[in-house]
Structure formats: structure tokens, C-alpha cells
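Last residue of the sequence shown? That's 303 in this note's numbering, and every number before it is there in order.
Please read the structure below before turning to the comments.
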Amino acid sequence: MEYALQTDGLTKCFRGFRALDGLAMHVPKGSIYGFVGRNGAGKTTLFRLICGMQRPTSGSFELFGISNGSKDIVNARRRTGAIIETPALYGNMTAAQNLKQQALIRGLPAFDGIPGLLKLVGLEYAGNKKAKDFSLGMKQRLGIAIALVGEPDFLVLDEPVNGLDPQGIVEMRELLLKLNRERQITILISSHILDELSRVATCYGFIDRGHMIKELSAEELDATRKKSVRMEVTDTAVLARVLDGLQIQYRIVSESVADVYAHINVTQLVLALAEEGCEVLSTEARDESLQTYFMALAGGGEP
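Right under this line is the structure:
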């Protein structure tokens, strides 16, 4: 398999603290790689190393097969666009001026592609409005446009939907899918909104305390996640007692809702509950959420 990014034993220390500790990571070319971990797990540190903002303490990484120790890594980085933490914008410039400035920084002599980039991210009508007066969603979209200057093959995005309203999140999702499918851009993305991440990612890496604890494809994740039936009943205490008797695993969600982790005979269960005076109001087949999967994988705590 061809990789846009590989790391081997990648380690970064800050005054004795290991932000990355022997990280082994593989981002397939053409994928949308969901990078999942708690705050402080090392995600942003990795992004800074990739972009040349910091140097690793030990270990190595490759961009498009080029080692970070090679003089050609500069050329590989030119194929990469990034938003790390917050978009780097010039507040007193318009969207078009920001893109022209980025083109100059990258040494690109022509500005012909700027109108197309603005249209791609939905900012073609921003006009003379200064970036400092943009909404958060507009700033995030402008950040994506800046990252796309020079037509990169690889995007590194650190929390691109952070703070967006529901409509902004949907628009960002559609944009990322379009970039990946129509332009074949590989995307490495971190996000704490795991439900949204699961809507776009084609593969995942789960990081904890600087270690990669699991890498797998979206298909492998779907096969691994627990299947459940969400049941709404009139009394979950009765449901719990009946399920305990049947030795079926479950989780009580509220006074009337529980998740049952087993292939159950619904008719048999309904009859057993009816004998105890408990009525089944509804059932719904569900998959274990990405957040629940991560918490189980990493040993609890919020991602």
C-alpha cells in the first residue's frame, strides 16, 4: 500500500515530557484518516513535526516516501497544506488578499486559481469584507482555502469543525468529501466531534499518551464495534432483572431506555417482560458509537 505519511518510532520530548512516544502511524494515500485522541495525546505535536514547525527528538517519518532527514523533505512539504490549531489569517486583508499572500509565501507567481478556490469554499461573495469581520465558519473555510493554495496532495487539519454551528459542520463535511473524492486529496483530520468524524473518515488511528494504540479501516471498525438494540420500556429496573436472568449484557441509559448487546429473540423478551408488568415501547438496532469505542480502547475518560 502507498502511504502519504508514515512514522517510525517518532518521539518528541519537552523537558522530559514525551508528547510523542515511539509513534508508528500509516496514512494511506487517498484516504481520509481520522486521528482520535484526548487533549494532550500528541495529535497537534505530530502535525507540527510534519509541517516542519518542530523537530523530532528521535524516530522518523516519511511524506510521500521521502524521509524527514532528506533534503527533499522540503519539496514533499510543498505538497502539503495545513491548518494547525487555528487558521493563520491576516485580519486586515480580504479573503482574496489572504490567498494572494499565501501564494507569494509559497513562491507561486500567478493568482489565476484564487477565484476558483474562493468558490470551492463558498467565499466567492465575501468581496471586500476583512477577514477579522468573518464569522467563525467563514474563517475556517478561508483557512481551508489557504491550505489549498498550490494544489497540495495532502491536507493536515487540526479540529476544522471546532466551534462551528450545525450548518457550518455540514458544509465543512461536504467540502472535505468533495476534496477527497474529486481531487483525490489525502486528508489527515483530528476532531473531538467523533460522530461527525465517523461520517467522513475512511480509516482511523487512535492515539493515547503519545502511543498509537490502534489503526484500522472504517470497514474494520464497523465490524469490530458492538452491535446493540436500544429498547424503550416502561421500567428499566424490570428489564435489567430479566436480562440478568438471561445473562445478556446491557447498559441502562435512562429510566426508560437501555442498550442491549446481544442478538435477542424480541418476541421471547417481550413476553418475559409482560409477565413482569413491563411494556416494550420501541426497539432500534444501533452500532456502538465511535466515542464509546475509543473510551473502551483507551481505558475510559473523555476523548
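Just so you know, even glycine gets a beta-carbon here, dropped at the ideal spot from N, CA and C.
Since this is a predicted model, take the numbers as computed values, not measurements.
Other residues of its chain near residue i: CB distance less than 7 angstroms, five sequence neighbours each side excluded
i, result
"glycine 180", "This sequence places asparagine at residue 180; glycine is not what is there. So the qualifying residues of the chain are Ile32 and Ile187."
"arginine 225", "Asp287, Glu288 and Tyr293"
"alanine 147", "Gly81, Ala82, Ile83 and Leu155"
"proline 109", "none"
"glycine 30", "Gln184 and Thr186"
"tyrosine 3", "His26, Val27, Pro28 and Lys29"
"valine 161", "Ile169, Met172, Ser191, Ile193 and Glu196"
Residue i, enclosing beta strand (DSSP E) - first and last residue
i, result
"arginine 230", "227-233"
"aspartate 287", "280-287"
"tyrosine 293", "Tyrosine 293 -> not in any beta strand (DSSP E); alpha helix (DSSP H) instead, spanning 290-298."
"isoleucine 213", "211-217"
"threonine 186", "186-190"
"isoleucine 32", "32-36"
"arginine 251", "250-252"
Residue i: CB within 7 angstroms of a non-hydrogen atom of the ligand NAP
i, result
"asparagine 128", "Absent from the structure shown: the ligand NAP. Ligands present: none."
Nonlocal neighbours in the same chain, by C-beta distance under 6 angstroms from residue i, ignoring five residues either side
i, result
"glutamate 302", "Interpretation of glutamate 302 is limited by its pLDDT of 49, a score under 50 that renders its predicted location unreliable; the figure taken from the coordinates is listed afterwards. None."
"glycine 137", "Leu164 and Gly168"
"methionine 295", "none"
"leucine 171", "Sequence check: residue 171 is glutamate here, not leucine. For glutamate 171, where only same-chain residues beyond five positions count, there are no Cβ hits under 6 angstroms."
"glutamate 62", "Gln6"
"proline 152", "Arg79, Thr80 and Gly81"
"alanine 96", "Ile114"
"phenylalanine 47", "Ile84, Val156 and Asp158"
Beta-bridge pairing of residue i - partner residues as DSSP gives them
i, result
"cysteine 13", "Arg18"
"leucine 157", "Ile83 and Ile189"
"threonine 7", "Met25 and Phe61"
"valine 257", "Glu232"
"isoleucine 207", "Met212"
Unbroken alpha helix (DSSP H) run spanning residue i, endpoints
i, result
"isoleucine 264", "Segment: none, isoleucine 264 is in no alpha helix (DSSP H) and carries neither H nor E."
"valine 238", "236-245"
"aspartate 195", "194-197"
"glutamine 54", "Unbroken run through glutamine 54: none, as it is neither H nor E."
"leucine 175", "166-183"
Own chain, CB closer than 8 angstroms to residue i, minus 5 neighbours either side, in chain order
i, result
"glutamine 101", "Tyr90 and Met93"
"leucine 216", "Cys203, Tyr204 and Thr224"
"isoleucine 73", "Gly52, Leu63, Ile66 and Ser67"
"glutamate 159", "Glu85, Ser190, Ser191 and His192"
"histidine 283", "According to the sequence provided, residue 283 is threonine. The question's histidine does not apply to it. Hits under 8 angstroms: Val229, Arg230, Met231, Glu232 and Val266."
"glycine 9", "Gly22, Leu23, Ala24, Ser58, Gly59 and Ser60"
Only counting runs of 3 or more residues, tell me where the beta strand (DSSP E) segments fall wholly within the stretch 67-125, in order along the chain.
80-83
Is the stretch 239-256 in contact with the stretch 209-216, if contact means three or more CB pairs nearer than 8 angstroms?
The stretch 239-256 makes no contact with the stretch 209-216; the number of CB pairs closer than 8 angstroms stays below 3.
Taking 8 angstroms as the cut-off, does the stretch 63-77 touch the stretch 126-133 (at least 3 CB pairs, one atom from each stretch)?
Of all C-beta pairs linking the stretch 126-133 to the stretch 63-77, fewer than three are shorter than 8 angstroms, placing the two stretches out of contact.
Under 8 angstroms: do the stretch 253-268 and the stretch 225-244 share three or more Cβ pairs, one atom per stretch?
yes
Return the chain-ordered ranges of every beta strand (DSSP E) run that is complete within the stretch 124-154 and spans a minimum of 3 residues.
Under the rule that a run must span 3 or more residues, no beta strand (DSSP E) segment is found entirely inside the stretch 124-154.
Is the stretch 154-169 touching the stretch 90-97, taking contact as three or more C-beta pairs under 8 angstroms?
no
Just checking, does the stretch 15-22 make contact with the stretch 33-50 on the three C-beta pairs under 8 angstroms criterion?
yes
Segment contact, 8 angstroms Cβ cut-off, at least three pairs: the stretch 235-242 with the stretch 194-208:
no
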